[in-house]
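Here the structure comes first, spelled out in structure tokens, and everything after it is commentary.
Below you can see the structure in the form of structure tokens.
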């Protein structure tokens with residue numbers, strides 16, 4: 001059975017590695033060639049290794065194991081959460097807390113604390129026996145716990161294996177897994193160390209679409225393993241665990257299916273106008289991300305040293321959702337010397353009939369780009385990077 005095709009990998013940009021100036025020589029055997037200063041990954045090898053990883057995951061789950069999904073970079077956060085929840089597996093998509101594996105007992109106590117706080121009705125000040133300030137502090141504590149531990153709330157034991165997006169960024173998770181002898185399945189970009197990974201999948205871990213495709217493949221393997229487990233096909237002879245409702249629905253559907261990835265789109269004219277509106281309200285602001293949500297646009301910009309999360313209506317009305325300190329985004333923004341829409345609007349207007357899938361500021365080997373993904377009128381994908389001008393330092 002073909003779990004993913006060469007065309008899917010190519011369309012997702014899985015073959016694009018890092019710049020040749022920044023690579024790990026241990027990845028040489030997975031590199032096909034070099035083009036325009038970028039290493040091209042050998043996807044034939046990737047396909048073979050995907051099959052091996054798929055079979056391992058399927059058999060692990062069929063025999064009662066569980067897989068922890070880990071990916072905290074922006075490109076990974078959504079697919080990690082979506083695919084893990086689709087198959088009922090634990091995940092970490094915001095911040096890896098040291099000791100999540102090696103000190104699991106302590107982390108489990110923090111999960112219990114989170115569940116305890118979730119029982120509080122924060123709107124019922126009188127009935128809570130607490131002051132408004134006390135409730136506010138407890139609510140903030142709950143928010144932080146849910147962000148870091150919400151995905152592992154039902155993980156009762158250390159995982160049988162871990163799926164990781166970007167082993168360099170998630171080196172703490174890799175180190176803890178190695179200490180405990182937990183197999184690691186991971187996307188290996190050309191800057192990674194293959195010796196850290198049990199089941200490597202050479203591919204692009206910086207592309208949102210590549211990450212989504214490969215994470216979906218792992219989730220499909222889990223779904224197939226769950227069906228085998230509950231149909232008694234694993235052949236272990238051990239008592240079957242009762243099926244969760246979602247597992248039963250999956251079995252009744254007859255097979256694990258690839259979920260359709262919905263994308264938010266917006267007309268080019270609308271997006272460029274939104275960018276101009278935000279620039280007028282936040283002069284000199286640097287765009288971090290923009291996406292459409294129903295009839296509004298969610299915009300993240302860095303302005304005067306702070307990350308602003310905005311909801312912008314098509315009529316230009318701006319609502320401030322949050323003002324935060326995100327060190328990575330703020331540091332990246334400080335390296336850019338151009339106003340918010342410059343360069344972007346010029347590039348976007350070259351595709352007047354296209355729709356926006358996503359725009360996000362990305363750091364690729366120390367060079368900042370706006371990563372743009374569009375769709376043309378026929379639904380074909382258009383991807384390109386817009387260089388972000390840098391200050392001299």
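Numbering (the UniProt record's numbering), first residue to last: 1 to 393.
Idealized CB from N, CA, C, for every residue including glycine.
- Across the structure, residue 224 and residue 58 are spaced so that their CA atoms are roughly 6 Å apart.
- In the three-state reduction of the DSSP assignment, residue 171 falls in the helix class.
- The three-state secondary structure of residue 56, taken from DSSP, is helix.
- Scanning the region 163 to 219 for uninterrupted alpha helix (DSSP H) segments of 4 residues or longer gives 171 to 180, listed from N- to C-terminal end.
- The DSSP-derived three-state label of residue 74 is helix.
- As DSSP reads the structure, residue 381 sits in a beta bridge with 375.
- Per DSSP, the continuous alpha helix (DSSP H) segment holding residue 110 begins and ends at 104 to 118.
- When DSSP states are grouped into helix, strand and coil, residue 29 belongs to the helix group.
- For residue 298, the pairing in a beta bridge is given by DSSP as 291 and 311.
- Bridge partners of residue 387 according to DSSP: 369.
- The closest CA to that of residue 210, considering only 75, 321, 168 and 318, is found on 75.
- Beyond the five residues adjoining it in sequence on each side, residue 348 comes within less than 7 Å, by CB distance, of 268, 271 and 272 in the same chain, given in chain order.
- Taking C-beta atoms as the reference points, residue 91 and residue 56 fail to come closer than 7 Å.
- In the structure shown, residue 35 falls within a strand segment according to DSSP collapsed to helix, strand and coil.
- In terms of CA proximity to residue 187, 213 leads the group 323, 213 and 351.
- Only residues of its own chain outside the window of five on either side were considered, and among them 97, 107, 110, 111 and 114 have a CB closer than 8 Å to the CB of residue 149, listed in chain order.
- Distance from the CA of residue 163 to the CA of residue 67, rounded to the nearest whole angstrom, comes to 7 Å.
- In the displayed model, residue 350 falls within coil according to three-state DSSP, outside both helix and strand.
- Between the region 159 to 173 and the region 188 to 198 there are three or more inter-stretch CB-CB distances shorter than 8 Å, so the stretches are counted as touching.
- Contact between the region 12 to 21 and the region 173 to 184 is absent: fewer than three C-beta pairs spanning the two stretches fall below 8 Å.
- Under DSSP, the beta-bridge partners assigned to residue 303 are 306.
- Here residue 388 is actually not in contact with residue 375; their C-beta atoms are around 23 Å apart, not less than 8 Å.
- Put simply, of 323, 202 and 310 the residue whose alpha carbon is nearest the alpha carbon of residue 292 is 310.
- Taking all protein chains in view, the Cβ of residue 46 is crowded by 16 or more other Cβ atoms within 10 Å, so the residue is classified as buried.
- The closest CA to that of residue 377, considering only 362, 370 and 356, is found on 356.
- Counted as a single uninterrupted DSSP element, the alpha helix (DSSP H) harbouring residue 127 occupies residues 125 to 128.
- Between residue 60 and residue 104, the C-beta gap is not smaller than 7 Å, which leaves the two residues out of contact.
- In this structure, 175 is the residue among 175, 277 and 370 with its C-alpha nearest to the C-alpha of residue 101.
- Scanning its chain for C-beta atoms nearer than 6 Å, with the 5 sequence neighbours on each side dropped, one finds around residue 306 the residues 323, in chain order.
- It is roughly 27 Å from the alpha-carbon of residue 194 to the alpha-carbon of residue 152.
- Between residue 20 and residue 8, the CB-CB gap reaches or exceeds 7 Å.
- Spatial neighbours of residue 362 in its own chain (CB-CB distance under 6 Å, excluding positions within 5 residues in sequence) are listed in chain order as 369 and 371.
- According to DSSP, residue pairing for residue 16 in a beta bridge involves 40.
- With a 10 Å radius around the Cβ and a threshold of 16 neighbouring Cβ atoms, residue 275 comes out buried.
- In this structure, residue 289 and residue 382 do not form a Cβ contact; the two beta carbons are roughly 18 Å apart against a cut-off of 8 Å.
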